[in-house]
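Colleague: Let me begin by handing over the structure; questions about it come next.
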Amino acid sequence: MYRNIKNYEIRYIDVDAYDILKPSSLLGFMQESAGFSADELGFGYDIIKKHNIGFIMSGWYLELNRPIRYGEVLTVHTWPVRPNNVIFLRDFELYVGDEKVGAAVSRWCMMDVVAFKIMPVMSFFKNYDLDTWNTERSIEFNRWKIRAEDNVNKVFTHEIGYGDYDHYFHMNNTRYAGYMLSAFSDKEFKGKYISKLQISYVKQCKIGDKLEFFRADNDGESYIEGKAGGEIRVQMKVRLDEI
6 MYRNIKNYEI RYIDVDAYDI LKPSSLLGFM QESAGFSADE LGFGYDIIKK HNIGFIMSGW
66 YLELNRPIRY GEVLTVHTWP VRPNNVIFLR DFELYVGDEK VGAAVSRWCM MDVVAFKIMP
126 VMSFFKNYDL DTWNTERSIE FNRWKIRAED NVNKVFTHEI GYGDYDHYFH MNNTRYAGYM
186 LSAFSDKEFK GKYISKLQIS YVKQCKIGDK LEFFRADNDG ESYIEGKAGG EIRVQMKVRL
246 DEI
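Once you know that position 3 of the sequence shown is 8 in our numbering, the rest is easy, because the numbers rise by one and skip nothing.
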């Protein structure tokens with residue numbers, strides 16, 4: 006069955022102070038692979054933009070069996086899941102050599118980028134032969150809603166600038182994962198790695214928005230939310246495990 010398979014060499018700029026792949030870099034690799042896969046299947050960026058259509062990320066869920074380190078070559082396998090109504094899922098498997106080191110699933114919506122409104126996925130895919138798509142799943146996950154924690158503490162604020170933007174003129178999804186690390190101290194990551202990460206993108210952020218990050222810890226997991234103008238814009242759940 007269909008898979009897009011691409012290798013990524015883990016470089017200095019991709020890792021943290023402990024030479025472990027940063028979540029923002031990992032999400033960036035997977036997003037790149039998603040783009041290459043969409044190109045192969047006939048619904049890549051250059052094609053759908055002619056119809057004023059774009060894919061907007063609404064969530065990630067990721068599990069890692071071990072840290073991915075500087076100097077390793079990460080092989081990303083990805084394939085789309087048959088779309089349903091307004092939801093488009095894409096699965097990923099992650100390998101270093103023959104070792105499966107993780108799996109992930111991403112959740113997308115198809116948007117009319119002029120009106121910036123969600124559109125039914127099948128309004129575009131109705132003429133595609135979806136029966137040829139891979140039907141296996143990399144990971145079984147369907148708990149996309151993240152429950153907000155009550156007792157959160159403010160950890161820092163970031164003002165959105167042009168450097169955060171992607172081609173839809175809002176903050177790119179990988180940037181949130183990058184700023185998430187600033188909710189932790191360097192000592193918290195010593196001897197540990199992110200084994201589970203869930204992100205829910207609630208509402209877009211634009212230039213000038215002041216994104217305030219809050220954190221709470223509960224049952225071995227950290228909950229992080231970003232608010233702008235009093236509204237939750239992003240929510241994250243993070244689990245750190247011993248290396």
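Note that the Cβ used here is the ideal one computed from N, Cα and C, for glycine as well.
1. Taking all protein chains shown into account, do 16 or more other C-beta atoms lie within 10 angstroms of the C-beta of R152, making it buried, or fewer, making it exposed?
2. For V157 and D51, what's the separation of their Cα atoms in angstroms?
3. How would you label P125, buried or exposed, when you count the other beta carbons within 10 angstroms and need 16 or more for buried?
4. Taking just the CA atoms, how far does I15 sit from G225?
5. What separation, rounded to the nearest whole angstrom, lies between the Cα atoms of K54 and N223?
6. Could you give the DSSP three-state label for E145: helix, strand or coil?
7. Can you say whether R148 is buried or exposed, counting buried as having 16 or more other CB atoms within 10 angstroms of its CB?
8. Just list the alpha helix (DSSP H) runs in the region 81-165, keeping only unbroken ones of 4 residues or longer that don't cross its boundaries, in chain order.
9. Nearest to C210 by CA position, among M176, E217, E193, is which residue?
10. Determine the extent of the beta strand (DSSP E) in which K220 is found, giving its start and end residues.
11. If I follow the unbroken alpha helix (DSSP H) through N178, where does it start and stop?
12. Would DSSP call A233 helix, strand or coil?
13. Specify the secondary structure class of S29 as computed by DSSP and reduced to three states.
14. With three or more C-beta pairs closer than 8 Å as the rule, is the region 229-241 touching the region 204-220?
15. Can you tell me which of T83, Y100, F130, W84 puts its alpha carbon nearest to the alpha carbon of I58?
16. I believe G107 touches L69 by the beta-carbon criterion, under 8 Å. Please report the beta-carbon distance rounded to the nearest angstrom.
17. Pull up the CB-CB distance for E217 and K159, whole angstroms please, since I reckon it's below 8 Å.
18. One question on the structure: do P72 and W138 come within less than 9 Å of each other, judged by their Cβ atoms?
19. Leaving aside the five residues before and after S187 along the sequence, list all residues of the same chain whose C-beta is less than 6 Å from its C-beta, in chain order.
20. Span of the alpha helix (DSSP H) holding I53?
21. Note down, in chain order, each residue of its chain lying with its Cβ closer than 6 Å to the Cβ of M250, except the 5 sequence neighbours on either side.
22. Among residues of its own chain, excluding the 5 on either side of R74, which ones have a beta-carbon nearer than 8 Å to its beta-carbon?
23. Can you tell me which of V118, F121, K215, H82 puts its alpha carbon nearest to the alpha carbon of D103?
24. Can you grab the Cα-Cα spacing for the pair V101 / N9, in whole Å?
25. Is the CB-CB distance between S42 and G183 below 9 Å?
Modeller: Here's the rundown:
1. exposed
2. D51 has its alpha-carbon roughly 42 Å from the corresponding atom of V157.
3. exposed
4. 28 Å
5. 42 Å
6. It is coil, neither helix nor strand.
7. exposed
8. 127-130
9. M176
10. The sequence given here has Arg at residue 220, not Lys. That run of the beta strand (DSSP E) goes 215-223.
11. 178-185
12. strand
13. helix
14. Flag = yes, the region 204-220 and the region 229-241 touch.
15. F130
16. 4 Å
17. 6 Å
18. The answer is no: Cβ separation not under 9 Å.
19. F161
20. 50-53
21. Residue 250 lies beyond the range of the chain shown here (6 to 248); nothing can be said about it.
22. I15, V20, D24, I25, L26
23. Among V118, F121, K215, H82, the Cα nearest to that of D103 belongs to H82.
24. 16 Å
25. Taking 9 Å as the Cβ cut-off, S42 and G183 do not qualify as a contacting pair.
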